[in-house]
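In the working numbering, the protein residues as written are 1 to 358.
Down below is the structure, laid out as structure tokens.
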């Protein structure tokens, strides 16, 4: 079994017993069992005023973590912030986790970026002990300010809390700009109950961040979650949605193609008597779903009697991305009855030409 660096140091100094206690999960913060005078002496020893050996300072930190209660927190947080000796900073991080006071999360998250690995490790372990809903405001603040390394640890901590608010924070981490953090959030998501995970992802489809919507759409597609079909269809076909989200939603729908009634969609798109909005929506969905049947229907509607439907078919062909449609679009561009939609057709041609050139 790998022994952590701080554990090794404490064992060498004869301080293994406090460490064994420290490995237990932290209970909620409790009152100090020390007198004010005794706690004051420990604080002096921790601060090294007057100068004290390293062993004494480490012992002071560990004792404060065991029996110091809430009153010990400020001094431990201060030394975690300012002490020049990294073993002492590590011992303070460990002690803060043992106190069980979620307010310590504010100091601990800062030192997830400490210059020393030992301190970073102890902060991470202590935060996992403090994984309770009350810690979420500090974790949210760290997500907004911390590095990608900090945010990857936050994923672990948030995944332990398992309530609605922590689920929202986990969804936000799914949309993190760093792929490393996204992967960590996805791994955490996979440890959740599938029903709860899919519910969280569905809520993520309406998140203000397009990155969150993009990732949630992709994962729902991989999960083949049938209840997401309607919302994904809206995202895939909405001209107001971010391009990245549209693309992700289309990919998700293609993963779930078997859930769609393709013959009904093709029949509706072809039906000149059907409501125009329904026909346009069917074309857009077929373009998102892909396949040779979608290509055939879009090409047929490109010759529809109604001008606006021809324009919609042109746009659908561009989204479908099949270069075999280029010849038909160029023919449509040359027809006099398409003069008013020439710009739409020309844009579709350019999109397909760019796609086929890549």
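Note that beta-carbon positions come from the ideal geometry of N, C-alpha and C, so glycine has one too.
Assigned exposure category for residue 176 - 16 Cβ within 10 Å defines buried: In the chain shown, counting from the first residue as 1, residue 176 sits at position 176. Label assigned to residue 176: buried.
Beta-carbon proximity of residue 127 to residue 109, cut-off 8 Å: To locate residue 127, count along the chain shown from 1; it is residue 127. To locate residue 109, count along the chain shown from 1; it is residue 109. For residue 127 and residue 109, yes; Cβs fall inside 8 Å.
Consult DSSP for residue 111 and reduce its assignment to one of helix, strand or coil. As a first step, residue 111 must be located in the chain shown, where it is residue number 111. Residue state, collapsed to three classes: helix.
Output needed for residue 224: all residues of its chain with C-beta closer than 7 Å, excluding positions within five of it in sequence on either side, in chain order. What you label residue 224 is simply residue 224 of the chain shown in a count that begins at 1. These residues qualify, in order along the chain: 255 and 256.
Could you tell me which of 122, 293 and 104 sits nearest to residue 112, measuring between CA atoms? By 1-based counting over the chain shown, the position of residue 112 is 112. Considering only alpha carbons, the answer is 122.
Report yes or no: do three or more beta-carbon pairs, one from the stretch 268-275 and one from the stretch 234-243, lie closer than 8 Å? no
May I have the straight-line CA-CA distance separating residue 98 from residue 66, to the nearest angstrom? Here residue 98 refers to the residue found at position 98 of the chain shown. Here residue 66 refers to the residue found at position 66 of the chain shown. Taking the straight line joining both Cα atoms gives about 7 Å.
With C-beta atoms as the reference, is residue 283 less than 8 Å away from residue 318? Your numbering for residue 283 matches position 283 in the chain shown. Your numbering for residue 318 matches position 318 in the chain shown. The answer is no: Cβ separation not under 8 Å.
Roughly how many angstroms separate the alpha carbons of residue 346 and residue 135, rounded to a whole number? Counting from one through the chain shown, the residue named residue 346 turns up at place 346. Counting from one through the chain shown, the residue named residue 135 turns up at place 135. Cα to Cα, the separation comes out at about 55 Å.
Kindly indicate which three-state DSSP category residue 103 falls into: helix, strand or coil? Working through the chain shown from its first residue, we reach residue 103 at position 103. Helix.
Could you give the C-beta distance for residue 106 and residue 148, rounded to a whole number, given that I count them as a contact under 8 Å? Indexing the chain shown from 1 puts residue 106 at position 106. Indexing the chain shown from 1 puts residue 148 at position 148. With a Cβ gap of about 20 Å, residue 106 and residue 148 do not count as contacting.
Decide if residue 296 is buried, meaning its Cβ has at least 16 other Cβ atoms within 10 Å, or exposed. Reading the chain shown from its first residue, position 296 is the one you call residue 296. Label assigned to residue 296: exposed.
Taking only three categories from DSSP, how would you classify residue 195? Translated into positions along the chain shown, residue 195 becomes position 195. DSSP places residue 195 in helix when its eight states are reduced to three.
If you draw a straight line from the C-alpha of residue 248 to the C-alpha of residue 309, how long is it? The residue given as residue 248 occupies position 248 in the chain shown. The residue given as residue 309 occupies position 309 in the chain shown. Approximately 25 Å between the Cα atoms of the pair.
CA-to-CA distance, residue 145 to residue 100, given in whole angstroms: On the chain shown, position 100 is the one that residue 100 refers to. On the chain shown, position 145 is the one that residue 145 refers to. Rounded to the nearest angstrom, the two C-alpha atoms are 24 Å apart.
Close-in-space but distant-in-sequence residues of the same chain around residue 93 (CB under 7 Å, 5 per side omitted): One-based indexing of the chain shown puts residue 93 at position 93. Here the set comprises 80, 108, 111, 119, 122, 123 and 126.
Can you check whether the CB of residue 96 is closer than 8 Å to the CB of residue 68? Residue mapping note: residue 68 aligns to position 68 of the chain shown, counting from 1. Residue mapping note: residue 96 aligns to position 96 of the chain shown, counting from 1. Not in contact: residue 68 and residue 96 (Cβ atoms no closer than 8 Å).
Inspect the beta-carbon positions of residue 236 and residue 288 and report whether they are closer than 8 Å. Here residue 236 refers to the residue found at position 236 of the chain shown. Here residue 288 refers to the residue found at position 288 of the chain shown. Cβ atoms of residue 236 and residue 288: closer than 8 Å.
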